[in-house]
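Enquirer: Let me begin by handing over the structure; questions about it come next.
2 protein chains.
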Amino acid sequence: MKIGELSRQTGVSRSALRFYEQQRLIPPARRRSGQRDYEARDATAVAVVQLARKAGFSIAEVRQLVGEFGRDRWRRLALRKLDQVRETSERLREMRVLLEKLLDCECPDLDFCGRIIQKHSARRGAASRSRR
Amino acid sequence: MKIGELSRQTGVSRSALRFYEQQRLIPPARRRSGQRDYEARDATAVAVVQLARKAGFSIAEVRQLVGEFGRDRWRRLALRKLDQVRETSERLREMRVLLEKLLDCECPDLDFCGRIIQKHSARRGAASRSRR
DNA sequence: GTAGAACTTCAAGTACACTCGAGGTCAAGG
DNA sequence: CCTTGACCTCGAGTGTACTTGAAGTTCTAC
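Top line first, the protein sequences correspond to chains B and D.
Start counting the first sequence at 20; every next residue gets the next number (the numbering used here).
Start counting the second sequence at 20; every next residue gets the next number (the numbering used here).
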């Protein structure tokens, strides 16, 4: 399978696939007279990268995640990521609640409506300070 | 309240606050002899922006969301965003499941483990193609 | 009234994640 | 054989979201 086919199968552009290889997010493809030659399993690797990217992992994070699989460092990393994913989920839930409230209410401006969310986020304001 | 105080209260840097104003994500602050003078309500506006950003909204999206509040266009936009938030939540859930499975299993390499997720994402693969 | 912190604008710089273009190679059909 | 389209590398370009720095002004405390 050549790069165009893998691109079609995964929905990842050719240039992005080359970029992922260069960044070591996916294993370097075998070459047949210079051209990349992929197998079905490579689509799996790309799918993992895609999922991680969509879940908000940076290139560097994905590299660590796929590059050090199974080892102790990996477990620690994965556990940390799991926490981050849970936290991002929580923030998304808040945003969903905010949007639903805003769609529901009849306030004339966001300043007033916004108090809904501030009251909410104030509860854990100082606690969640100094992230990132 | 001057910009430094608002920055402290919200956890958003001074330069980012100026940037947000310039990008019209927050209302332009009243000036007292050239310097920005904020009120408590402005912290609300910043909180809304922060939440939206953390939920994955781009600057342009936040601008639309806060700039056209209440109008018809706004409702349509907000409903679309709500869908996006739900979808992102779903992807995060998948990533969480993947991480939990990987942490649980004893596969020697990610290629094998990855089949778990590919089997999963294949179910809705072609359907969710051509997003973005 | 003067030091120094905090503020101002504006332009330029940075990090990330790709994307594009030039210039060239390879493979399949007519 | 030759065209056409997909591929190659490599360096430069793009968009996003800020950050930093220069050069100057204002506020606060002594």
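Ideal Cβ placement from N, Cα and C applies to all residues, glycine included.
In terms of alpha-carbon separation, which member of B:L122, B:V85, B:R112, B:Y39 lies closest to K100 (chain B)?
Expert: Looking at the Cα atoms, B:V85 is the closest of the given residues.
Enquirer: I think A48 (chain B) touches Y39 (chain B), with their Cβ atoms under 8 angstroms apart; what is that distance to the nearest whole Å?
Expert: At roughly 11 angstroms, the Cβ-Cβ gap does not stay under 8 angstroms, so A48 (chain B) and Y39 (chain B) are not in contact.
Enquirer: On the DSSP letters alone, give me the boundaries of the alpha helix (DSSP H) that R105 (chain D) sits inside.
Expert: Element bounds for R105 (chain D): 91–123.
Enquirer: Answer with yes or no whether the minimum CB distance from D128 (chain D) to chain B is below 8 angstroms.
Expert: So yes, D128 (chain D) belongs to the interface.
Enquirer: Give the range of the beta strand (DSSP E) segment to which D56 (chain B) is assigned.
Expert: Element bounds for D56 (chain B): 54–56.
Enquirer: What residues match up with R33 (chain D) in a beta bridge as DSSP calls it?
Expert: Partner(s): none; R33 (chain D) has no beta bridge.
Enquirer: Could you check whether the Cβ of S34 (chain D) sits closer than 8 angstroms to any Cβ belonging to chain B?
Expert: No, because no Cβ of chain B sits closer than 8 angstroms to the Cβ of S34 (chain D).
Enquirer: Taking C-beta to C-beta, are A66 (chain D) and T29 (chain D) nearer than 8 angstroms?
Expert: In contact: A66 (chain D) and T29 (chain D) (Cβ atoms closer than 8 angstroms).
Enquirer: Put A74 (chain B) into one of helix, strand or coil per three-state DSSP.
Expert: Three-state DSSP puts A74 (chain B) in coil, outside helix and strand.
Enquirer: Which stretch, first to last residue, makes up the beta strand (DSSP E) that contains R43 (chain B)?
Expert: Note, R43 (chain B): premise wrong, no beta strand (DSSP E); not H, not E.
Enquirer: Name, please, each residue of chain D whose Cβ falls closer than 9 angstroms to the Cβ of K73 (chain B).
Expert: T107, R110, L111, E113, M114, listed in chain order.
Enquirer: Give the single residue among D:D102, D:M114, D:G23 whose Cα lies nearest to the Cα of G71 (chain B).
Expert: Reading off the sequence, residue 71 (chain B) comes out as Ala, not Gly. Minimum Cα distance to A71 (chain B) is reached at D:M114.
Enquirer: Counting only beta-carbon separations shorter than 8 angstroms, does L25 (chain B) have a partner in chain D?
Expert: No, because no Cβ of chain D sits closer than 8 angstroms to the Cβ of L25 (chain B).
Enquirer: Taking Cβ-Cβ distances shorter than 8 angstroms, what residues in chain D pair up with A101 (chain B)?
Expert: For clarity, residue 101 (chain B) is Leu in the given sequence; the question names Ala instead. Those are R115, L118, E119, L122, listed as they occur along chain D.
Enquirer: Exposed or buried, R55 (chain B), counting other C-beta atoms within 10 Å across all chains shown (16 or more means buried)?
Expert: It counts as buried.
Enquirer: Please compile the residues from chain B whose C-beta is within a distance smaller than 7 angstroms of the C-beta of V31 (chain D).
Expert: Within chain B, no residue comes near V31 (chain D); the closest Cβ sits about 11 angstroms away, beyond 7 angstroms.
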